[in-house]
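Here's the structure, in structure tokens; my notes come after.
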Amino acid sequence: MVTTLAICRRELRAYFTTPLAYVFIVIFVAMNGATAFFFGGLFDRGQADMTSLFSMLPWLYLFLIPAVAMRLWAEERKSGTLELLMTLPVSTTSAVFGKFLAAWVFSGIALSLTFPVWITVNWLGNPDNGIILASYIGGLLMAGSYLAIGGFVSALTRNQVIAFVVGAAVIFLFMMSSLDLILAAFRGWAPIFLVEVIQSLSFLVHYDSIVRGVIDLRDLVFYFSIMGVFLFANVVVVDQKRGA
Amino acid sequence: MSDLLRVIGLTKKFGDFTAVDGIDFSVARGEVLGFLGPNGAGKTTAMRMVTGFLPPTGGTAIVDGFDVRIHPIEVKRKVGYLPEGAPLYDDMTPSEFLTFVANVRNIDGADRDRAIDSAAGQINIQHVMHQPIGTLSKGYKRRVGIAQAILHNPDVLILDEPTDGLDPNQKHEVRNLINEMASDKVIVISTHILEEVDVVCSRAIVIANGTVVADGKPLELEARSSFHNAVSVRVSGATDSLADKLRALPMVGKVETSKIGDGKVSLTVFPSRPVNILEPVSECLRELSVTVEQIHVERGRMDEVFRNITTTTKS
Ligand SMILES: Nc1ncnc2c1ncn2[C@@H]1O[C@H](COP(=O)(O)OP(=O)(O)OP(=O)(O)O)[C@@H](O)[C@H]1O
Ligand SMILES: [Mg+2]
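Put into structure tokens, the structure is as follows:
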């Protein structure tokens, strides 16, 4: 636990000592603000809520979260510090978890910096703050599962660009798995339950229900299972690929 | 007391290629073991397995009773390790970095400050403690890496080329540091600097192609040299027949001469059997009344021994 926290703190500091953190936060907040106020028509619709921000969020995350996750392991492998880290008395599990936690906290900080939008909608009208809170939780859960995927992909390579591209592609597949295009490819031959399983893997389906203000246990289980599975895979990959 | 570090049949294969091929050795507290061998011999790979970074293909290493395959965390607690090339987090300062390492090693509060101060002092990095590691010179990076390895005063210290990139003063300092720490630890260092072996190591292991080809005290290794017990002299005003006269002495085998200008000649007189021939040689020189500027008995040349051991096994 102590080591997990030490690693988490170091990673978090690493985010803020590189320009990446500030670039990320500025782009993230600016784009969120832009979607909320302009594309989303916050003023025109005459309705005070944050729906447009949160409906854009999965797409913004599709590009920004892999950028946060790509360095987690690829950078350590490339610079050789992986050898340093893994010869300290640290279990692979706590290293994986510490890094993931740092990336998640960082994404949470970025997400929380959208609070001016929240203040604005409350100033303009009477939004349902319960729904907004649920949406923030949904956003965080989505960030967490995207990060678990991105971290896992980052452990597979020493090249951060590859980690970014492959990470975004895998996340995209998960997002799209509820679309007919993908499902049709399975419908012809796969049993119904498999098609349903694939459909249920979609981030968007689970996210939509949370954003509507309903935090269903099944959605929580979904997100935490995705994180669990990919963090576990991350541990396996780090152990397998060590030094190779 | 059993040995603090035991390496048993340690083997590593990368695909079909065997990088480390069943090496065995044990090191007791107080020993400083020099790990020698040509590039690609498998030194780094062996160290990576002992420190728990690489899983062995076969065999194992046991540190203070803990098998690295079964209790890697225990082994890592007891070992301080400087990886080859001293990889470090460039975005941190030495102070932040050492604090991180102390946290991970569960050293906190006043102990942590004391450990960091002491390690930084021992390796002379106090004045760069707040400069990002990425901007430090190569030698300073190496020193930060060593500070990290000695931070928790480990029982077993494994240093992969610790003096690579250090200036002569710092090389000297690091060797002194190793000598100071040696009495209550096991220290294993790999190096390509053979003089270092004489100065710091109580024992040397030479590996080539993944196997141990020599294991002994530096003096024993040097004794394998053809220069062992040879007498080197520098004389002026020598006649051409000097070499022949020396060669005619009992127990003298070969004599090599080379002119070094100003009428001076340098000669190396090799014994035909492993005995000290200083007496007869100097007597002979006195009789011939040549002026001896320098004379000494060679202990043996490490580089020659190294070359012989590691090239004959290659073919
Ligand atoms: N991950 C790896 N995959 C494949 N081969 C490897 C790997 N790591 C090391 N090797 C090979 O194993 C052999 C031993 O390498 P090692 O780094 O242990 O040598 P070394 O004795 O430390 O050499 P040097 O003196 O140059 O540091 C080399 O031939 C190297 O190419
Ligand atoms: Mg090496």
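So the sequences go chain by chain: A and B. So for the first sequence, this note's numbering puts the first residue at 528; every next one is plus one. So for the second sequence, this note's numbering puts the first residue at 123; every next one is plus one. For each residue, glycine too, the CB sits at the ideal point set by N, CA and C. Note that this is a predicted model, so its numbers are computed, not measured.
Check: residue i C-beta below 7 Å from any heavy atom of ligand 1
{"i": "B:T333", "result": "no"}
{"i": "B:K165", "result": "yes"}
{"i": "B:F139", "result": "yes"}
{"i": "B:F136", "result": "yes"}
{"i": "B:N161", "result": "yes"}
Nonlocal neighbours in the same chain, by C-beta distance under 6 Å from residue i, ignoring five residues either side
{"i": "B:F188", "result": "E196 and V197"}
{"i": "B:L407", "result": "V414"}
{"i": "A:K768", "result": "none"}
{"i": "B:I184", "result": "R128"}
{"i": "A:S681", "result": "A596, M597, L599, W600, A601 and A690"}
{"i": "B:R227", "result": "H274"}
{"i": "A:T545", "result": "none"}
{"i": "B:K381", "result": "V387"}
{"i": "B:G174", "result": "V190, P194, V197 and K198"}
Spatial neighbours of residue i in its chain, beta-carbon cut-off 7 Å, leaving aside the 5 residues before and after
{"i": "B:K256", "result": "The residue you asked about is not Lys; residue 256 of chain B is Gly in the sequence shown. Same-chain partners within the cutoff: D212 and D213."}
{"i": "B:V250", "result": "P216, L258 and Y262"}
{"i": "A:W645", "result": "M577 and I659"}
{"i": "A:S704", "result": "I725, Q726, L728 and S729"}
{"i": "A:L612", "result": "E603 and A622"}
{"i": "B:F139", "result": "none"}
{"i": "A:F543", "result": "none"}
Inter-residue Cα distance where the pair is residue i and residue j
{"i": "B:L281", "j": "B:F349", "result": "30 Å"}
{"i": "A:L747", "j": "A:I664", "result": "10 Å"}
{"i": "A:V764", "j": "B:T285", "result": "34 Å"}
{"i": "A:P654", "j": "A:S579", "result": "13 Å"}
{"i": "A:F633", "j": "A:A717", "result": "40 Å"}
{"i": "A:I725", "j": "B:G144", "result": "49 Å"}
{"i": "B:L299", "j": "B:R199", "result": "21 Å"}
{"i": "B:G137", "j": "A:F751", "result": "37 Å"}
{"i": "B:P402", "j": "B:A370", "result": "11 Å"}
{"i": "B:V266", "j": "B:I245", "result": "8 Å"}
{"i": "A:R536", "j": "B:G207", "result": "25 Å"}
{"i": "B:I192", "j": "B:P178", "result": "12 Å"}
{"i": "A:G755", "j": "A:T620", "result": "11 Å"}
{"i": "A:V553", "j": "B:L204", "result": "39 Å"}
{"i": "B:E420", "j": "B:R395", "result": "14 Å"}
{"i": "A:I636", "j": "A:A548", "result": "10 Å"}
{"i": "A:V738", "j": "B:Q253", "result": "46 Å"}
{"i": "B:T365", "j": "B:S354", "result": "Reading the sequence as shown, one finds Ala at residue 365 of chain B and not Thr. Answer to the nearest angstrom: the Cα atoms are 12 Å apart."}
{"i": "B:P372", "j": "B:A345", "result": "21 Å"}
{"i": "A:N656", "j": "A:G694", "result": "33 Å"}
{"i": "B:K436", "j": "B:N331", "result": "Any reading at B:K436 is ruled out, since the residue's pLDDT is 46, under 50, leaving its predicted position unreliable."}
{"i": "A:A711", "j": "B:K134", "result": "48 Å"}
{"i": "A:G560", "j": "B:N291", "result": "59 Å"}
{"i": "A:A696", "j": "A:R685", "result": "18 Å"}
Residue i: CB within 7 Å of a non-hydrogen atom of ligand 2
{"i": "B:E206", "result": "yes"}
{"i": "B:D282", "result": "yes"}
{"i": "A:S618", "result": "no"}
{"i": "B:S312", "result": "yes"}
Contacts around residue i, its chain only, beta-carbon distance under 8 Å, and the 5 residues preceding and following it disregarded
{"i": "A:L758", "result": "V623, F624, F627, A675, G678 and F679"}
{"i": "A:M558", "result": "M583 and L587"}
{"i": "B:M424", "result": "L316, E317, V319, D320, P340, L343, E344 and S347"}
{"i": "B:D221", "result": "Note on residue identity: the sequence assigns Thr, not Asp, to residue 221 of chain B. So the list reads R234 and I238, once near-sequence residues are dropped."}
Residue i: first and last residue of the uninterrupted alpha helix (DSSP H) it sits in
{"i": "B:P194", "result": "P194 to K200"}
{"i": "A:A561", "result": "P546 to A561"}
{"i": "A:A717", "result": "That residue, A:A717, is in no alpha helix (DSSP H); it is neither H nor E in DSSP."}
{"i": "B:E318", "result": "L316 to V322"}
{"i": "A:I592", "result": "T578 to A596"}
{"i": "A:A630", "result": "T619 to S639"}
Endpoints, beta strand (DSSP E) assigned at residue i
{"i": "B:F139", "result": "F139 to V149"}
{"i": "B:V308", "result": "V308 to S312"}
{"i": "B:T333", "result": "T333 to G338"}
{"i": "A:G690", "result": "The amino acid at residue 690 of chain A is misidentified as Gly; the sequence shows Ala. Element bounds for A:A690: not the beta strand (DSSP E) but the alpha helix (DSSP H), Q687 to M703."}
{"i": "A:V763", "result": "Careful: A:V763 lies outside any beta strand (DSSP E), inside the alpha helix (DSSP H) at L744 to K768."}
{"i": "B:F136", "result": "L127 to F136"}
Any non-hydrogen atom of ligand 4 within 7 Å of residue i CB
{"i": "B:A336", "result": "By its list of ligands, the structure shown excludes ligand 4, since it contains just ligand 1 and ligand 2."}
Checklist entry - For the stretch 171–187 of chain B, which residues have a CB atom closer than 9 Å to at least one CB atom of chain C, in sequence order? => result Among the chains of the structure shown, chain C does not appear; the protein chains present are A and B.
Next on the checklist: To test your reading of the DSSP string, which unbroken alpha helix (DSSP H) runs of 4 or more residues are found completely within the stretch 239–298 of chain B?
Outcome noted: Complete alpha helix (DSSP H) runs here, min 4: 260–272.
Item to check | Unbroken stretches of the beta strand (DSSP E), 3 residues or longer, contained in the stretch 340–416 of chain B | outcome: Within the stretch 340–416 of chain B, the complete beta strand (DSSP E) runs of at least 3 residues are 353–358, 374–381 and 386–393.
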